[in-house]
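Protein chains in written order, with the numbering used here: chain R, 16 to 126; chain W, 10 to 121.
Where a beta carbon is used, it is the ideal one built from N, C-alpha and C, also for glycine.
Quick notes on the structure that follows.
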């Protein structure tokens with residue numbers, strides 16, 4: 016069964032304190048791994064798609080990496096506006112376009 | 010990224026009435042649209058998959074007669090919560106996909 020596990024569940028950082036969020040996955044034939052950001056009371060906002068092991072993508076203070084078993088979202092020198100829940104999701108070969116979501120990491124960045 | 014518009018963002022309705030939520034992909038034709046429900050501090054729970062011109066596919070445990078989905082075109086899908094009850098109060102989110110999924114802003118439904 017396809018499965019996604021995110022850790023930690025919650026993370027508190029001081030502004031400027033870099034860290035990483037983890038997304039471990041088990042899927043039959045990975046077609047894509049996605050990272051989203053969700054603010055309270057809003058729909059998820061698309062961040063990245065990763066397709067194959069070794070791939071990396073960057074956007075401002077965020078960098079996503081992918082191996083055959085997990086993905087990391089690295090946050091460099093975070094700011095309070097980076098506070099949100101970060102969701103990881105995968106699409107496998109047998110699930111058409113269905114996203115299998117992890118439970119998310121709630122990030123709080125304090126000034 | 011692509012834009013998906015969801016309306017209304019908030020709705021309060023009386024128990025027993027029906028509520029319709031619209032989801033539109035504004036700048037691309039979506040092959041598939043999905044409807045989710047999200048409880049506080051939890052991840053998204055897939056309710057149904059919607060393809061233009063065909064019947065929606067519902068996830069196990071989701072009542073298809075209560076949550077009516079119509080996918081009128083490649084850019085519009087609607088979710089109607091029929092005979093709503095307080096336990097249907099939740100945050101409903103749609104997504105439109107062309108492989109990558111783009112989400113609407115969500116609809117906060119409160120049934121009183």
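Residue i burial status per 10 Å Cβ neighbour count (16 or more: buried)
i, result
"residue 20 of chain R", "exposed"
"residue 74 of chain W", "exposed"
"residue 53 of chain R", "buried"
"residue 94 of chain W", "exposed"
"residue 108 of chain W", "exposed"
"residue 121 of chain W", "exposed"
"residue 26 of chain W", "exposed"
"residue 116 of chain R", "buried"
"residue 125 of chain R", "exposed"
"residue 36 of chain W", "exposed"
"residue 113 of chain R", "buried"
"residue 119 of chain R", "buried"
Those residues which DSSP pairs with residue i across a bridge
i, result
"residue 34 of chain R", "R:90"
"residue 52 of chain W", "Paired residue(s): none; residue 52 of chain W is not in a bridge."
"residue 76 of chain R", "None, per the DSSP bridge assignment."
"residue 82 of chain W", "W:85"
"residue 123 of chain R", "R:27"
"residue 29 of chain W", "W:89"
"residue 60 of chain R", "R:52"
"residue 104 of chain R", "R:49, R:116"
"residue 45 of chain W", "W:55, W:102"
"residue 15 of chain W", "W:32"
"residue 20 of chain W", "W:118"
"residue 112 of chain W", "W:104"
"residue 99 of chain R", "R:122"
Chain R contact for residue i (CB, 8 Å cutoff)
i, result
"residue 115 of chain W", "yes"
"residue 69 of chain W", "no"
"residue 111 of chain W", "yes"
"residue 89 of chain W", "no"
"residue 38 of chain W", "no"
Residue i at chain W interface by Cβ criterion, 8 Å
i, result
"residue 102 of chain R", "yes"
"residue 113 of chain R", "yes"
"residue 87 of chain R", "no"
"residue 23 of chain R", "no"
"residue 72 of chain R", "no"
"residue 20 of chain R", "no"
"residue 150 of chain R", "This structure cannot speak to residue 150 of chain R, because chain R is shown only from 16 to 126."
"residue 78 of chain R", "no"
"residue 56 of chain R", "yes"
"residue 44 of chain R", "no"
"residue 120 of chain R", "no"
Cβ separation of residue i and residue j, assumed to be a contact under 8 Å, to the nearest whole Å
i, j, result
"residue 105 of chain R", "residue 48 of chain R", "5 Å"
"residue 47 of chain W", "residue 53 of chain W", "5 Å"
"residue 86 of chain R", "residue 46 of chain R", "Actually they are not in contact, since the Cβ atoms of residue 86 of chain R and residue 46 of chain R sit about 14 Å apart, beyond 8 Å."
"residue 39 of chain W", "residue 106 of chain W", "6 Å"
"residue 30 of chain R", "residue 93 of chain R", "7 Å"
Residue i beta carbon near the ligand ZN (any heavy atom closer than 7 Å)
i, result
"residue 118 of chain W", "Absent from the structure shown: the ligand ZN. Ligands present: none."
Test item: CB-CB of residue i and residue j under 8 Å
i, j, result
"residue 15 of chain W", "residue 89 of chain W", "no"
"residue 78 of chain W", "residue 104 of chain W", "no"
"residue 113 of chain W", "residue 13 of chain W", "yes"
"residue 34 of chain W", "residue 87 of chain W", "no"
"residue 111 of chain W", "residue 11 of chain W", "yes"
"residue 90 of chain R", "residue 33 of chain R", "yes"
"residue 65 of chain R", "residue 74 of chain R", "no"
"residue 59 of chain R", "residue 102 of chain R", "yes"
"residue 39 of chain R", "residue 83 of chain R", "no"
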